[in-house]
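Just so we're aligned: 222 in UniProt numbering is position 222 of the sequence shown, and the numbers increase by one with no gaps anywhere.
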Amino acid sequence: MGVALRPLIADYKESLAWDQLGGTAAIDAYNALYQFLSGIRQPDGTPLMDDEGRITSHLSGLLFRTANLVEKNITPVYVFDGKPPAFKEATLAERRIIRANAKDSWERAVKEGDEETARKYAMASSKVDAFITDSSKELLTALGIPWIQAPEEGEAQSAYMAAAGDVAYAVSQDYDSLLFGTPKLLRNLTVSGKRRLHGKYVPVYPERLILEEVLNGLGMTQVELIAAALLIGTDYNSGVKGVGPKTAVKIVRDGKFSERITESENAADPEELIRYFLDPPVEKNYTIAKKAPVQEKVFEILCEQHGFSEERVSAGLERLGAKKGQATLDSWF
């Protein structure tokens, strides 16, 4: 869900054409998987499933939307979350309740034949479990697409890789990557290119945020931006009741952060949270390696195990640069 920074940084968003986005992208894998699970569904919200009832929406997304990135000269590196920090448990527990309630509402809407309502609640009920994670990693390995396991937060890992210059930017729909210090954040890269809004589909374009421009525009340091986020509320704390983005900035600028943060109902130490954003646990010994897709393995996973059409999978592999009988992706690295 992330922190509600949108009102503060709206002026610093830059819409870009796809031909301006070439380079290596560290993608928040869980963020992308939730997008695939939420968006790739039947009209009534039922996810794509194989004959055994296993969800396959995420596998479809990984193949075809990754192919879309590759065709646009973007080299994806998927970064998976590890164990969440202890102070995130309250947020995770709340999300579990929301998903459970959404699932109940979805099932009721399906029984009533209300497809519009059913789809809305189905999207909110999406869950990334061990099967989703493990099957995603298996498919990415077979496709030759690099992925990295973060020790804790994937967005922190992506930000570290971007700051180190090993990737061109971090990709996520959330703004937390800015708090973790990514120099560049790109949004809307793993969405379908359109979004349903008020019953209609509207186009979605890639957005870029440059941290230096955000900080300079707000007249804040990285620590001050984190402090403002803590006043608003993050995945790690509840924030201060009644404090929105603009008020949070004013409090920080007036030097009253320490005074006001004590009003937060969350027991987490704000100084500990600031330190976490500035220096989170990350994997520093990683390799972003180009590999050829193992086409036989891709067909085994998607077609034999999950019932995908061989024709569709072949088309996806060709979009990734793998011609029939060809075993290299050198053309897109």
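Don't be surprised by glycine CBs; every beta carbon is placed ideally from N, CA and C.
Return the chain-ordered list of same chain residues with a C-beta closer than 8 Å to the C-beta of residue i, the five sequence neighbours on each side being excluded.
i	result
residue 319	64, 67, 68, 70, 71
residue 234	2, 3, 176, 179, 273
residue 237	87, 230, 264, 266, 268, 270, 273
residue 313	63, 298, 299, 302, 303
Check whether the Cβ atoms of residue i and residue j lie closer than 8 Å to each other.
i	j	result
residue 252	residue 227	yes
residue 56	residue 288	no
residue 139	residue 59	yes
residue 163	residue 26	no
residue 79	residue 28	yes
residue 223	residue 167	no
Looking at the structure shown, is residue i part of a helix, part of a strand, or coil, going by DSSP?
i	result
residue 19	helix
residue 218	helix
residue 7	helix
residue 243	coil
residue 79	strand
residue 268	coil
residue 208	strand
residue 74	strand
residue 202	strand
residue 66	helix
residue 262	helix
residue 237	strand
residue 283	coil
residue 288	coil
residue 40	coil
For residue i, I'd like the list of residues in its chain whose CB is within less than 6 Å of its CB, leaving aside the five on either flank, ordered along the chain.
i	result
residue 32	190
residue 73	22
residue 326	Low confidence applies to residue 326: its pLDDT is 44, below 50, so where it sits in the model is not reliable enough to give any reading.
residue 126	34, 37, 38
residue 334	A query on residue 334 cannot be resolved here, the shown segment of the chain reaching from 1 to 333 and no further.
residue 112	none
residue 349	Outside the modelled stretch of the chain, which goes from 1 to 333, sits residue 349, for which no answer is possible.
Taking 7 Å as the limit between beta carbons, can you name the residues of its chain near residue i, skipping five residues before and five after?
i	result
residue 13	207, 209
residue 16	206, 208
residue 307	50, 51
residue 106	45, 118, 121, 122, 125
residue 159	170, 177, 180, 181, 182
residue 317	293, 295, 298
residue 331	The pLDDT assigned to residue 331 is 38, lower than 50, so where the model puts this residue is not dependable, and the model offers no usable value.
residue 92	84
residue 232	3, 4, 239, 243, 244, 245, 248
residue 82	149, 150, 151, 152
residue 103	125
Give a yes or no on contact between the segment 107-119 and the segment 132-146, applying the rule of three or more CB pairs nearer than 8 Å. No: fewer than three Cβ pairs fall under 8 Å.
At least 3 beta-carbon pairs within less than 8 Å: the segment 208-215 vs the segment 35-44: no
Hey, which unbroken runs of the alpha helix (DSSP H) at 4 residues or more fall wholly within the segment 146-189? For the segment 146-189, the full-length alpha helix (DSSP H) segments reaching 4 residues or more read 154-163, 176-179 along the chain.
Is there contact between the segment 4-16 and the segment 149-161, where contact requires at least three CB pairs shorter than 8 Å? no
Between the segment 260-267 and the segment 276-292, do three or more beta carbon pairs fall short of 8 Å? no
Only counting runs of 4 or more residues, tell me where the alpha helix (DSSP H) segments fall wholly within the segment 75-150, in order along the chain. 89-112, 115-124, 130-143
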